[in-house]
Amino acid sequence: MKDLVTFLAKAVVSHPEAVQVREVPGEGGTTVELRVHPSDMGVVIGRKGRTINAFRTLVAIAAQKQQKPNVVLEVVD
Amino acid sequence: MEGKRVIMSEGNTLNEAIEKACQELAIPKQSLQYRLCAEHFRFGADTVKIEAWTQAAIELDDCAFVEDLLKSLLQLMSFQNDVDVQLNGDGIRAALKLEDTGAIAGRLREVLDAMQHLVNKALVKQGSSRRAIVDLEDYREKHDQSVRYVAQKVCEKVLSEGCVVTLKPMNAYDRRLVHLEVARYQELGSRSNGTRGQMKRVQVFPRHRSDDDS
Chain H
544 MKDLVTFLAK AVVSHPEAVQ VREVPGEGGT TVELRVHPSD MGVVIGRKGR TINAFRTLVA
604 IAAQKQQKPN VVLEVVD
Chain L
35 MEGKRVIMSE GNTLNEAIEK ACQELAIPKQ SLQYRLCAEH FRFGADTVKI EAWTQAAIEL
95 DDCAFVEDLL KSLLQLMSFQ NDVDVQLNGD GIRAALKLED TGAIAGRLRE VLDAMQHLVN
155 KALVKQGSSR RAIVDLEDYR EKHDQSVRYV AQKVCEKVLS EGCVVTLKPM NAYDRRLVHL
215 EVARYQELGS RSNGTRGQMK RVQVFPRHRS DDDS
């Protein structure tokens, strides 16, 4: 899941070297924390959150496919 | 996008001619396309002359880029996949072939939109002016056909009954399909009604009844 999120983020940001992804296991499932360069925050979120929501859709489908339910994707600053 | 720029280049060998062309166009070797000039086929020519240009190669680059991106993405999502990317006019059409679509069932449109959004954002970042459509086999194409079919039926109804018909809320892409369909009838007009939100309704009306439309 970490690889997928890293791939998604690096595809759209202008500072790919600043992309950091951390998986935090929790009770209800895993939270994936995405950190990007401050100037890329807007890019990764997108207008009305479209980009981050697209990422969440793809992450949810991948999680379902890999039978890892409840993966939550958050952008952290 | 820049128009096709063709230059002539000459060298003692083909490689030399290609290298000179690359230097002149300031592009890497793999994005160069060239053709041998007719004189080259004359017997006993001692230099090689080529015509070289870049544009076609750049188009292929965009396709290859989209194909790579989608293939890596689907692999990371653990899908067995095959992606068929084609240039379609000014745009790119990427048709996915997936095994086991069970995981996507019911969310197909959402997933295709998400992939399309990602691909287009990545294309913008690459500086490409092309946009891609991501489709699963011909899912979107069928959807487009059904929107056109509904628009067609509505046009016929408005023509025969002279009434105004308002369609269900649709996104901008689908509304455009309807407007294009209605535009084929001189007697009919269409406009989008609704708030500035994502989903507006298209209204189809007979032209003689509206006085203010343009």
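So the sequence lines, in the order shown, correspond to chains H and L.
For the first sequence, the positions run 544 to 620 when my numbering is used.
For the second sequence, the positions run 35 to 248 when my numbering is used.
Glycine included, C-beta positions come from ideal geometry on N, C-alpha and C.
Quick caveat: nothing in here was measured; it's all calculated off a predicted structure.
{"query": "By DSSP, does H:T600 sit in helix, in strand, or in coil?", "result": "helix"}
{"query": "By the criterion of Cβ-Cβ separation under 8 Å, what are the contact partners of L:A137 in chain H?", "result": "I604, Q607, K608"}
{"query": "Check the Cβ of H:V555 against every Cβ in chain L and list those closer than 8 Å, keeping chain order.", "result": "L152, K155, A156, K159"}
{"query": "Name, please, each residue of chain L whose Cβ falls closer than 8 Å to the Cβ of H:L601.", "result": "L107, M111, V145, A148, M149, L152"}
{"query": "Please compile the residues from chain H whose C-beta is within a distance smaller than 7 Å of the C-beta of L:L142.", "result": "Within 7 Å Cβ-Cβ: nothing; L:L142 doesn't reach chain H, min ~10 Å."}
{"query": "Quick one: what does DSSP say H:K611 is sitting in, helix, strand or coil?", "result": "coil"}
{"query": "Taking the C-alpha atoms as reference points, what is the distance between L:E85 and L:R39?", "result": "10 Å"}
{"query": "Given a limit of 8 Å on CB to CB distance, which residues of the stretch 204–228 of chain L reach chain H?", "result": "none"}
{"query": "Taking the CB atoms as reference points, tell me whether H:V587 and H:M544 lie closer together than 7 Å.", "result": "no"}
{"query": "Quick check: what's the CA-CA separation for L:S248 versus H:V618?", "result": "With a pLDDT of 46 at L:S248, under the threshold of 50, the predicted position of this residue should be treated as unreliable, though the coordinate-derived value follows. Near 46 Å, if we compare the C-alpha coordinates of H:V618 and L:S248."}
{"query": "Hey, L:L66 and L:C56: beta-carbon distance below 7 Å or not?", "result": "yes"}
{"query": "Which word fits L:Y68, buried or exposed, when buried means at least 16 other C-beta atoms lie within 10 angstroms of its C-beta?", "result": "buried"}
{"query": "Answer yes if the stretch 111–123 of chain L comes into contact with the stretch 151–163 of chain L, meaning at least three C-beta pairs across the two stretches below 8 Å, and no otherwise.", "result": "no"}
{"query": "For L:N115 and L:L130, which I take to be in contact (beta-carbon distance under 8 Å), what is that distance rounded to the nearest angstrom?", "result": "6 Å"}
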